[in-house]
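From first to last, the protein sequence lines stand for chains A and B.
Under UniProt numbering, the first residue of the first sequence is numbered 1, with each subsequent residue one higher.
Under UniProt numbering, the first residue of the second sequence is numbered 1, with each subsequent residue one higher.
Note that beta-carbon positions come from the ideal geometry of N, C-alpha and C, so glycine has one too.
What follows is one structure encoded as C-alpha cells, with my remarks underneath.
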Amino acid sequence: MKEPNDVILRSVTKVAVLIILTFAINLFFSGHHNPGGGFIGGLAFASALTLLFLCYDIETVRENIPVDFKAVTAVGVLISVFTGIGGIIFDRPFLTQAFDYFQLPLFGKTELATAVLFDIGVAMAVIGTAITIISSISEDR
Amino acid sequence: MNNLVIMPILIPLITGLLMVAFRRKAVVQRFLSVVALGATGAVSLVLMVQIKDSGIQTLQLGGWEAPFGVSMVADMFSGMLLLTTSIVSLLCLVFAFYSIGKEREAHYFYPLYLFLITGVNGSFLTGDMFNLFVCFEVMLISSYVLISLGGTGIQLRESIKYVLINILSSFLFLVAIAYLYAATGTLNMAHLSERVAEAGQNGILTAIAILFLIVFSLKAGLFLFFWLPGSYSAPPTAIAAIFAALLTKVGIYSIIRIFTLIFYHEPHITHLIIGIMAAVTMLLGAIGAVAYWDIKKILTYNVIVGVGLIMAGLASNSTVGLTGSMYYLIHDIIIKALIFLIGGTVITLAGTSKLKYISGLIQTYPFLGWMFFIAALSLAGIPPLSGFIGKVFITEGTFEAGFLWLGAIGLITSLMVLYSVMKIFLNGFWGDSYLDEEKKGEVKGILFPLAILTLLTIGLGVGAEGIYSYAELAIESLMNPLLYIEAVFGRG
C-alpha cells in the first residue's frame with residue numbers, strides 16, 4: 001500500500017465520514033415520504049465505509065468494524081422478507097404494510113410504519129453488497 | 001387472495017439466506033436444502049389441488065389491487081411446472097451430495113442452488129412483466145455463480161460467454177418491456193392481455209412481440225442457441241443437469257405464456273415465425289447430436305432438439321399441440337436431468353467424455369447402463385415411456401394446423417435423436433469392458449436419484465392418463481385468456 005504521508009486526507013476523512021454517515025441516516029428516514037430511502041441511504045452509508053477503506057488500509061478498518069458483510073447482506077434481505085411475512089401472519093397478502101401514530105416521549109406524535117423495517121433490511125443488503133464487492137475487488141492486488 | 005402462491009418463492013429464498021447468514025456445516029446445509037425443496041414440492045401439490053377445486057389462485061402483493069400492484073398468479077400450467085421443478089431439483093440436489101465436492105460446498109453451493117430455484121419458481125408464478133424480468137435475473141445471477149464456481153479454465157472461458165450473452169439478452173428484455181409499457185401503459189400480464197385485445201394487435205405490438213420472442217429465444221435456446229453447447233458442458237454434472245432441466249424451460253415457459261395470453265391475435269405472423277425457428281432448431285440440434293462423438297456435446301445438442309419440439313407444439317396454436325407441449329415440457333425436465341446425470345456419471349467413471357475411448361461400462365455398472373437405455377428410449381419417444389405421449393400430441397397438432405413440414409421435421413429429428421443416444425449406448429456401455437476391477441468407482445449413492453428419475457419417466461408415460469385431468473385444466477387456461485384475466489382482477 002501507499003506510504004502514509006496523507007495527513008490531510010486522514011483529517012478530512014475523520015470529519016467527512018461523520019457527516020456522510022449522518023447524511024445517510026437522514027436520507028434513510030426521509031425516504032418514507034420524500035426522496036430517499038433504504039437503497040440510497042445504504043449506498044451513502046457504504047460510501048462512508050469506502051472512504052475509510054481508501055484512507056486507512058482494509059485490515060485496520062476490518063479490525064475496527066469486525067462484521068462479515070456477506071452475513072449483513074443476508075440478514076438484511078431476511079429482515080425485509082420477514083417484514084413481508086408479517087402480513088401473512090395477520091392473514092393479509094404478503095408484503096402488506098401497516099402504520100399508525102404513537103405518542104412517544106421526546107418525539108411527540110410519531111408515525112411508525114412497518115415499511116421502515118423493510119427499508120432497514122434493504123439498507124443492510126445494500127451496505128453488505130457494496131462493501132463485499134469493494135473488498136473483494138481490492139483483494140486482487 | 002391466497003398466500004400459498006408466494007410460498008414456492010419464499011421457502012427456498014429464506015432457507016438460502018439463512019445458510020448465508022449463519023454458515024453452518026455442510027451436513028446442516030444439505031439437510032436444510034432437502035427440507036426446503038421438499039416443502040416447496042408439498043406446497044406446489046397443495047396449490048395444484050386448490051387450482052383444480054377452485055380455479056386459478058392469485059395473490060396481490062401488499063394488497064395493491066391489479067393492475068397497480070404486482071400480481072402473483074398460479075394456474076395449472078404453473079402448478080405442474082412448479083411440482084416438476086421441485087421434484088427434479090430435489091433429485092439433482094441429492095446427486096450433488098455425492099459429487100459436488102467439499103470445496104464448492106464451502107463456497108455457498110447450496111444457497112446458490114436454492115436461489116436458482118427461487119428465480120425459476122418466481123418466473124413460473126409471476127403475473128407481471130417487470131417482475132418476470134426480476135425473477136429471470138435472480139435465476140441468471142445464481143447461474144452465473146454456479147457456472148463459474150470452482151474456477152477451472154473451461155468454466156471461466158464458458159462463463160464469460162454465458163454472462164455476456166445473457167447480459168445482452170437481459171438488456172433487450174428491458175428494452176422490450178419499455179416499448180411494451182410505452183405502447184400499452186401497463187405491465188400486468190392480465191391487463192396487457194385485455195389492452196392488446198381491445199386495441200388490436202397492430203404492427204407495433206407485433207414487432208414488440210417479436211422482440212420478446214428474440215429475448216426469450218436467447219434464454220430458451222430456440223434457434224439462438226449458439227452459446228448453449230459450450231456453457232452447459234462446462235460446470236460439474238449436478239449443475240449442468242439442473243441447467244439443462246430448468247433454465248431453458250423458463251424461457252420456453254415465458255414464450256408459451258406471452259404468446260397464449262397476450263400476443264395471440266396474429267398467429268399467422270408470430271406463430272409461423274416460432275414454427276420456422278422450431279424447425280431450424282430441431283434440425284440443427286439433431287445434426288449436432290448426430291455429428292459429435294463426445295458425450296457432453298451429444299447431450300447438450302439434445303437439449304436444443306427438445307426446445308424445438310416443444311415450440312413446434314406452440315406454433316400449431318391448437319389445443320392438441322399445446323397439450324403435447326405441456327406433456328413434453330414436463331417430460332423434458334425429467335429426462336434432461338436424468339440423461340445429464342447419467343452422462344456426467346459415465347464421464348466421471350471413464351475419466352473421459354470421448355466416446356471412442358469408452359466401452360463396456362454395462363458389465364461393471366449394469367444398473368447405470370439399463371437406466372441409460374430406458375432414458376434414451378424415452379428421449380426418442382418410444383412408447384410407453386413419457387416422451388411418447390407428448391410427441392404424438394405435438395405431431396398431431398402440427399398436422400392439424402397444416403404445418404406438415406414441421407411435424408415431419410419433428411419425426412425425422414426424433415429418429416436422429418434416437419441414433420445419437422443409441423450411439424452412446426452401443427459405444428459406451430456395450431462391448432468389451434476396459435475398466436479394471438480396482439478402478440471401479442463408487443456409484444451407490446448416485447444411483448438413488450437416477451433410479452427415481454427413471455421411475456418417473458416410466459410412470460409419466462404409463463400414467464399419462466392419470467394426469468390428463470390436470471393437463472386439461474392447464475391447457476384450458478392457456479387457450480382461454482379470459483380465465484386468467486378474470487382470476488387476476490377478481491371477477492367471475
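Given a threshold of 16 other Cβ atoms within 10 Å of its Cβ, counted over all protein chains shown, does residue i qualify as buried or as exposed?
i: A/N26; result: exposed
i: B/T352; result: exposed
i: B/Q57; result: buried
i: B/A220; result: buried
i: A/N34; result: exposed
i: B/K297; result: buried
i: A/L18; result: exposed
i: residue 499 of chain B; result: Nothing in the structure corresponds to residue 499 of chain B, since chain B is present only between 1 and 492.
i: B/V417; result: buried
i: B/D128; result: buried
i: A/I65; result: exposed
i: A/T22; result: exposed
i: B/H331; result: buried
i: B/H268; result: exposed
i: A/P105; result: exposed
i: A/V72; result: buried
i: B/I394; result: buried
i: B/H107; result: exposed
i: residue 204 of chain A; result: Only positions 1 to 141 of chain A appear in this structure, which leaves residue 204 of chain A out of reach.
i: B/A209; result: buried
i: A/S11; result: exposed
In terms of residues, what are the limits of the beta strand (DSSP E) holding residue i?
i: B/M72; result: 71-74
Identify the residues that DSSP records as bridge partners of residue i: which are they?
i: A/F107; result: BP columns for A/F107 are empty, so no partner.
i: B/T126; result: B/M72
i: A/F102; result: A/T110
Quick check on the DSSP output: the alpha helix (DSSP H) that includes residue i runs from which residue to which?
i: B/T58; result: It is not in any alpha helix (DSSP H) - B/T58 instead sits in the beta strand (DSSP E) that spans 57-60.
i: B/K423; result: 404-424
i: B/M1; result: That residue, B/M1, is in no alpha helix (DSSP H); it is neither H nor E in DSSP.
i: B/Y470; result: 468-479
i: B/G200; result: No alpha helix (DSSP H) holds B/G200; DSSP gives it neither H nor E.
i: B/Y292; result: Element bounds for B/Y292: n/a, residue is neither H nor E.
i: B/S316; result: No alpha helix (DSSP H) contains B/S316, which DSSP labels as neither H nor E.
i: B/S359; result: Unbroken run through B/S359: none, as it is neither H nor E.
i: B/K102; result: 102-106
i: A/N64; result: 58-64
i: B/Y253; result: 248-261
i: B/T398; result: 386-400
i: B/S44; result: 26-54
Helix, strand or coil for residue i? Go by DSSP, reduced to three states.
i: B/N302; result: helix
i: B/A234; result: coil
i: A/K70; result: helix
i: B/Y179; result: helix
i: B/L187; result: coil
i: B/K354; result: strand
i: B/P366; result: helix
i: B/T152; result: coil
i: A/I127; result: helix
i: B/F225; result: coil
i: A/A16; result: helix
i: B/A337; result: helix
i: A/L95; result: coil
i: B/D332; result: helix
i: B/E266; result: coil
i: A/N34; result: coil
i: B/V443; result: coil
i: B/A244; result: helix
i: A/D119; result: helix
Report back the beta-carbon spacing between residue i and residue j to the nearest angstrom; my notes put them in contact at under 8 Å.
i: B/V34; j: B/L93; result: 7 Å
i: B/A474; j: B/D53; result: With a Cβ gap of about 15 Å, B/A474 and B/D53 do not count as contacting.
i: residue 496 of chain B; j: B/G313; result: There is simply no residue 496 of chain B to check, as chain B begins at 1 and stops at 492 in what is shown.
i: B/G62; j: A/Q97; result: 7 Å
i: B/L261; j: B/P481; result: 5 Å
i: B/Y162; j: B/P229; result: Not confirmed; about 11 Å, so no contact.
What residues of chain C sit near residue i, judged by a beta carbon separation below 8 Å?
i: B/M129; result: As a matter of chain content, chain C is missing from the structure shown, whose protein chains are A and B.
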